[in-house]
Every structure is written in C-alpha cells, then in structure tokens.
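Reading through the structure tokens given below for one structure.
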C-alpha cells in the first residue's frame with residue numbers, strides 16, 4: 003500500500019488532539035451521549051483508535067474499552083506539557099457534541115502552512131545542490147543581483163532557517179506539527 007493511502011493513527015502521547023474516551027455511568031450525572039460511526043478504525047492493545055466526523059469536523063480518538071462509543075462518555079486528559087493543546091481539542095469536541103458546531107482545528111495556521119511549503123521546497127533545493135542564494139531566488143523570488151549584499155540580507159537568515167527547520171522536521175521533528183502550543 004502506498005504511504006499516501008495508509009491510515010495513520012497517532013497515540014495521544016504524540017497527538018494532543020487524540021481524545022481519550024471511556025464509557026461512564028454515574029447516577030445523577032448529566033452528560034452528553036455520543037454514538038460514533040467511525041470513518042476509520044484500528045484495534046490495538048490499548049483500545050480502539052478511531053476517526054469520526056461530528057458537526058462537520060474530523061476527530062481522532064481512542065476508545066479505551068475497545069468499542070466505538072455508544073452512550074455517555076468521559077474524556078480522560080493527561081496532565082502533561084501538552085495540556086493546553088489537549089484542552090483546545092476537548093473544547094472543539096464538546097462544541098461539536100453539545101452545540102453541533104465546532105471551530106476548525108487551527109493547529110496549523112495559513113502562515114505556518116506557507117512556511118512548511120517553503121521549508122520543503124528549500125530542503126529539496128538544498129538536497130539537489132542548490133546554494134542558499136539559489137533557494138532565495140527560486141523559493142522566494144529574490145533578484146539574482148543580490149550577491150554583493152547577500153551576507154547582510156534578512157532573506158539570507160530566512161532561507162537558512164527554512165532549510166535548517168525543514169531538515170529537523172524531516173529527521174522526525176514533524177510530530178511537533180501536531181502541537182499548537184509549545185510544550186513547557
């Protein structure tokens with residue numbers, strides 16, 4: 003199977019937006035009920051990983067009992083450095099479940115997406131043997147006659163940073179794209 007067709011499920015340890023669900027029955031507790039029809043699912047030792055749509059938004063979750071949720075659920079939230087991102091995901095989930103609308107997942111802003119595209123183009127150029135000046139011209143549309151002032155141009159720093167960060171992402175740092183806030 004081509005990698006582009008693979009169904010990838012991230013553990014909540016890696017993706018703070020992966021919601022940890024468990025059935026709950028507490029007399030007198032009023033809680034929302036959910037009936038999930040997964041668009042994809044994978045069983046694992048720790049539970050059932052699933053992807054589903056709620057109020058037009060996609061969510062990733064793990065059901066600890068190994069079954070797609072049908073009824074009242076509780077959400078478990080680890081108190082860890084990714085707590086802010088986890089809480090953001092929980093608010094999106096709650097809004098979709100209770101209010102039937104949710105804000106889109108905003109972990110990647112339009113600016114961040116543009117920077118990622120620039121990074122990928124920059125590392126492709128660098129791997130092909132392009133100089134930083136070549137990359138500045140091809141990726142950012144810089145003028146070729148910049149050789150005299152190149153060392154003092156802010157664009158030089160931007161290009162070098164895009165290449166460095168791009169290589170870091172390719173080397174495994176891409177998982178940080180799943181985080182909106184920096185872990186503390």
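Numbering (this note's numbering), first residue to last: 3 to 186.
Here a beta-carbon is modelled for each residue, glycine too, at the ideal position from N, C-alpha and C.
Computed from a prediction, not measured in an experiment: that's the story for all the values here.
Beta carbon of residue i nearer than 8 Å to that of residue j
{"i": "residue 71", "j": "residue 36", "result": "yes"}
{"i": "residue 63", "j": "residue 99", "result": "no"}
{"i": "residue 157", "j": "residue 16", "result": "no"}
{"i": "residue 106", "j": "residue 59", "result": "yes"}
{"i": "residue 39", "j": "residue 61", "result": "no"}
{"i": "residue 29", "j": "residue 75", "result": "no"}
{"i": "residue 21", "j": "residue 77", "result": "yes"}
Residue i versus residue j: straight-line alpha-carbon distance, rounded
{"i": "residue 88", "j": "residue 123", "result": "31 Å"}
{"i": "residue 90", "j": "residue 140", "result": "37 Å"}
{"i": "residue 134", "j": "residue 121", "result": "12 Å"}
{"i": "residue 130", "j": "residue 137", "result": "11 Å"}
{"i": "residue 116", "j": "residue 151", "result": "26 Å"}
{"i": "residue 210", "j": "residue 108", "result": "The question about residue 210 has no answer here: the residues shown for the chain are numbered 3 through 186."}
{"i": "residue 81", "j": "residue 92", "result": "13 Å"}
{"i": "residue 32", "j": "residue 79", "result": "19 Å"}
{"i": "residue 163", "j": "residue 169", "result": "10 Å"}
{"i": "residue 182", "j": "residue 110", "result": "7 Å"}
{"i": "residue 172", "j": "residue 114", "result": "16 Å"}
{"i": "residue 94", "j": "residue 132", "result": "43 Å"}
{"i": "residue 155", "j": "residue 161", "result": "10 Å"}
{"i": "residue 126", "j": "residue 83", "result": "33 Å"}
Unbroken beta strand (DSSP E) run spanning residue i, endpoints
{"i": "residue 24", "result": "20 to 25"}
{"i": "residue 127", "result": "Unbroken run through residue 127 is the alpha helix (DSSP H), 112 to 129; no beta strand (DSSP E)."}
{"i": "residue 64", "result": "59 to 65"}
{"i": "residue 16", "result": "It is not in any beta strand (DSSP E) - residue 16 carries neither H nor E in the DSSP assignment."}
{"i": "residue 28", "result": "Per DSSP, residue 28 belongs to no beta strand (DSSP E) and is neither H nor E."}
Residues near residue i in its chain [Cβ-Cβ closer than 7 Å; skip 5 each side]
{"i": "residue 45", "result": "68"}
{"i": "residue 103", "result": "57, 97"}
{"i": "residue 65", "result": "23, 49, 50, 52, 71"}
{"i": "residue 27", "result": "74"}
{"i": "residue 189", "result": "Residue 189 falls outside the range modelled here, since the chain spans only 3 to 186, and no answer is possible."}
Contacting residues, own chain, Cβ-Cβ under 6 Å from residue i (five flanking each side not counted)
{"i": "residue 96", "result": "none"}
{"i": "residue 9", "result": "42"}
{"i": "residue 85", "result": "none"}
{"i": "residue 128", "result": "165"}
{"i": "residue 11", "result": "44, 51"}
Opposing strand residues paired with residue i [DSSP bridges]
{"i": "residue 56", "result": "59"}
{"i": "residue 42", "result": "53"}
{"i": "residue 74", "result": "35"}
Opening and closing residue of the alpha helix (DSSP H) in which residue i lies
{"i": "residue 137", "result": "134 to 142"}
{"i": "residue 160", "result": "156 to 172"}
{"i": "residue 88", "result": "85 to 101"}
Any non-hydrogen atom of the ligand ADP within 7 Å of residue i CB
{"i": "residue 22", "result": "Looking at this structure, you won't find the ligand ADP or any other ligand, since it has none at all."}
Test: residue i CB closer than 8 Å to a CB of chain C
{"i": "residue 57", "result": "Going by chain labels, chain C is absent from the structure shown, which holds only one protein chain."}
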